[in-house]
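Residue numbers (the working numbering): 39 to 361.
Cβ atoms here follow ideal geometry from the backbone N, Cα and C, with glycine treated the same way.
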Amino acid sequence: MEGRFTSEELELAKSVDLVDVAAYLGYTPKKIGKYYTLKEMDSIRIYNRSHWYRWSRAEDRGNNGGSQIDFLRVFAGLDIKSAVFWLLDFAGYSSNQSRDENINLKHQVVQQEKVKKEFLLPVPAPDNSFLYEYLMNDRGIRKEVIDYFVSRGLIYEARHYHNIVFKGNDKDGITRFASMRGVFDKQGKPFKCDVEGNDKRFGFNVSNEQSSELIVFEAAIDLMSYVDIFDDYDSNKLALGMVSDGPITTFLAEHPQITLIRFCLDRDEAGRNATEQLMEKYYSLGYEVQNVPPPEGYKDYNEWLVNAKIKSASISASKISKC
């Protein structure tokens, strides 16, 4: 791979979140309507978190916009090859060339040293009524499945705003990571965020020392949907919640009995590219790997679950009407 990269690797590099890249490099993204700008350069526009344009340099062809690769080329001084390797490494799928931690940025203002915030879980609500209502009615997950995750202390409802909190524990049961998902989607836009101060090397997971199988998902709700569909409470399961595969590395280190990894990532382009990269990586590390996306026509496991239950309800209603 030295000096070269495939079209798949190029596509993966261009799937990396440009807002996250800018923030990592020391810039300060600010959301304005449907795009982001940067505090340090307010003429920058980042659209769809994937490409950018600089209005102040509209006539400067080659330096006034483009992809994530062009952003690193213009503002970090990297050539195209180095930019692609940097993005692959940032995504967690390339170990052949590490990120340059000493990139000299252009147009950067002096940043105050960031102090890592203390990791504090949101205060629990008196009950989980909004959690159950959302997961059952909007996400189609059976009450018995939700009971399982609640009883194990893996999910709960936060007192403020009633967000669902998904906890990522280490092998000793200590919560190292947590993410939140809103139950009141405003105008179709879901609220999602990670709890500040968490350790992104961990992810929402279910562990079983007696199982040698690990099933990997992108989102926690897809993991829960899988349990509902297959009634599988025995295998190890992990939701990444990000582009990086850091949580997989941590989980495998904590659970050395794992020999098989099934990748149940989304059936969109980003999910397929990520699956291909991950399977190649972990196969080379000696694991048996399998690609298990949702069926054709469904983006993820929750969409599959919801549609299956809608069809089942429709068939049942049809039988009743014929009686």
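Thinking residue i and residue j are a contact (beta carbons under 8 Å), I'd like their distance in whole angstroms, please.
{"i": "V54", "j": "A121", "result": "That belief does not hold up - the Cβ atoms of V54 and A121 are roughly 11 Å apart, past 8 Å."}
{"i": "M218", "j": "N201", "result": "4 Å"}
{"i": "S88", "j": "L48", "result": "Actually they do not touch by this definition, with Cβ atoms about 13 Å apart."}
{"i": "G64", "j": "F157", "result": "Actually they do not touch by this definition, with Cβ atoms about 23 Å apart."}
{"i": "A257", "j": "G279", "result": "7 Å"}
{"i": "L126", "j": "L76", "result": "About 23 Å; that fails the 8 Å criterion."}
{"i": "V188", "j": "A216", "result": "V188 to A216, Cβ: 15 Å. No contact."}
Considering only their Cβ atoms, is the gap separating residue j from residue i smaller than 8 Å?
{"i": "F109", "j": "W124", "result": "no"}
{"i": "F301", "j": "N329", "result": "yes"}
{"i": "I299", "j": "K275", "result": "no"}
{"i": "P228", "j": "G220", "result": "yes"}
{"i": "L323", "j": "T313", "result": "no"}
{"i": "N166", "j": "Y199", "result": "no"}
{"i": "R164", "j": "A196", "result": "Looking at the sequence itself, residue 164 is Pro, so the reference to Arg does not match. No. Outside cutoff."}
{"i": "R111", "j": "G103", "result": "no"}
{"i": "L159", "j": "T213", "result": "yes"}
{"i": "K68", "j": "S105", "result": "no"}
Per DSSP, which one or two residues make a beta bridge with residue i?
{"i": "S217", "result": "F204 and D232"}
{"i": "A277", "result": "F242 and F255"}
{"i": "I299", "result": "L252 and V327"}
{"i": "P162", "result": "A196"}
Going by C-alpha distance, which of the options is nearest residue i?
{"i": "E326", "options": "I348, S250, F222 and L261", "result": "S250"}
{"i": "I286", "options": "R310, K230, N345 and N207", "result": "N207"}
{"i": "L192", "options": "A114, L261 and T75", "result": "L261"}
{"i": "Y170", "options": "R180, V161 and T213", "result": "R180"}
{"i": "V203", "options": "E46, S350, C231 and D127", "result": "C231"}
{"i": "K349", "options": "G178, F215, A163 and K69", "result": "G178"}
{"i": "T297", "options": "N311, A308 and Y321", "result": "Y321"}
{"i": "N345", "options": "Q295, Y271, K319 and I267", "result": "I267"}
{"i": "I259", "options": "A60, L343 and D117", "result": "L343"}
{"i": "P332", "options": "E182, F255 and D270", "result": "F255"}
{"i": "D185", "options": "M79, R214, K119 and V265", "result": "V265"}
{"i": "E334", "options": "D306, D176 and G71", "result": "D306"}
{"i": "D210", "options": "K69, F113, H293 and S105", "result": "H293"}
{"i": "M79", "options": "A61, K319 and N86", "result": "A61"}
{"i": "S282", "options": "R310, D269, L316 and S263", "result": "L316"}
{"i": "Y336", "options": "G309, D272 and F43", "result": "G309"}
{"i": "L290", "options": "N243, S81, T44 and E182", "result": "N243"}
{"i": "K205", "options": "Q295, F222, N175 and R239", "result": "R239"}
{"i": "E46", "options": "D58, N311, T66 and F222", "result": "N311"}
{"i": "E182", "options": "S263, F113, D237 and K119", "result": "S263"}
{"i": "F43", "options": "G71, D237 and K119", "result": "K119"}
{"i": "K72", "options": "N86, D269 and T66", "result": "N86"}
{"i": "K155", "options": "A114, N101, D237 and F168", "result": "D237"}
{"i": "Q295", "options": "D117, Q248 and F113", "result": "Q248"}
At least one CB of chain C closer than 8 Å to the CB of residue i: is that the case?
{"i": "C302", "result": "Protein chain content of the structure displayed is limited to a single chain, and chain C is not contained in it."}
Segments assigned beta strand (DSSP E), at least 3 residues, entirely inside the region 318 to 344: Whole beta strand (DSSP E) segments, 3+ residues: 326 to 329.
Sequence ranges, alpha helix (DSSP H) only - wholly within the region 62 to 117, length at least 4: Restricted to the region 62 to 117, the alpha helix (DSSP H) segments that are unbroken, complete and at least 4 residues in length are 106 to 114, listed in chain order.
Contained beta strand (DSSP E) runs [length at least 3] in the region 165 to 211, N- to C-terminal order: DSSP runs (the beta strand (DSSP E)) wholly in the region 165 to 211: 193 to 195 and 202 to 207.
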